[in-house]
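> Residues in the sequence shown are numbered consecutively from 1040, following the numbering used here. We treat Cβ as the ideally placed atom computed from N, Cα and C, and that holds for glycine. Once you've had a glance at the structure underneath, I'll fire off some questions.
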Amino acid sequence: TGRYVSVITDGGIRTGGDFCKAIASGADGVMLGTPFAQAEEAPGHGYNWGMANPHPELPRGTRIKVGTKGTLQQILYGPTSKTDGTQNLIGALRVAMGMCGAYTVKDLHKAEMVVAPSIKTEGKYFQMSD
């Protein structure tokens, strides 16, 4: 049609890696319901009211305990002592941009994507966290 359509990703975005992959895949925006619900300042106090669409395993509009991970400042900008990728989302984006040689988010949209099937199985023993 010749018209630009914005892409907004939603669903399953929990870590900085998820956030960066969505942006690198071309998303103009990323919905961050669970990470924001995990902020100490969030009105849900560690709960997220998600699932706007029907899901075969959950009733529609279920209140889900997601816990509290830190302040909104920590979740977005750090500093963090966690190694699970749930904090310092902007720092993760900066690292991803640097690794891809991107100066802007638009540059990151143009990053070459490589799918490596072996990454699903190789080295998993070393990636396990206690």
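Between the C-alpha atoms of ALA1131 and GLY1041, what's the straight-line distance to the nearest angstrom?
Stepping through the sequence shown from its first residue, residue 1131 is reached at position 92. Stepping through the sequence shown from its first residue, residue 1041 is reached at position 2. Distance between the alpha carbons of ALA1131 and GLY1041 is about 33 Å.
> CA-CA distance, ILE1047 and LYS1104?
As a first step, residue 1047 is located in the sequence shown; it is residue number 8 there, counting from the start. As a first step, residue 1104 is located in the sequence shown; it is residue number 65 there, counting from the start. Approximately 25 Å between the Cα atoms of the pair.
> Which residue from ALA1155, LYS1149, VAL1153 puts its Cα closest to that of ALA1063?
Within the sequence shown, the letter at position 24 stands for residue 1063. Closest by alpha carbon: LYS1149.
> Considering just the uninterrupted stretch of the beta strand (DSSP E) at TYR1170, what are its terminal residues?
No answer is possible for residue 1170: it lies beyond the span of the chain, which begins at 1040 and ends at 1169.
> Which residue or residues does DSSP assign as beta-bridge partners of ILE1052?
Reading the sequence shown from its first residue, position 13 is the one you call residue 1052. DSSP, once it has assigned bridges, lists no residue as partnering ILE1052.
> Hey, ASP1057 and GLY1065: beta-carbon distance below 8 Å or not?
The residue labelled residue 1057 in the question sits at position 18 within the sequence shown. The residue labelled residue 1065 in the question sits at position 26 within the sequence shown. No, these two residues do not count as a Cβ contact at 8 Å.
> Expressed to the nearest angstrom, what Euclidean distance is found between the alpha-carbon atoms of GLY1072 and SER1157?
Here the question's residue 1072 lines up with position 33 in the sequence shown. Here the question's residue 1157 lines up with position 118 in the sequence shown. Each residue's alpha carbon lies about 31 Å from the other.
> Can you tell me the Cα-Cα spacing of CYS1139 and VAL1153, whole angstroms?
What you label residue 1139 is simply residue 100 of the sequence shown in a count that begins at 1. What you label residue 1153 is simply residue 114 of the sequence shown in a count that begins at 1. Each residue's Cα considered, the two are about 12 Å apart.
> Short of 7 Å in beta carbon distance, which residues of its chain neighbour ALA1081, apart from the five on each side in sequence? Order them along the chain.
Counted from its first residue, the sequence shown places residue 1081 at position 42. Residues PHE1075 of the same chain have their beta carbon placed closer than 7 Å to that of ALA1081, with the five preceding and five following residues left out of the count.
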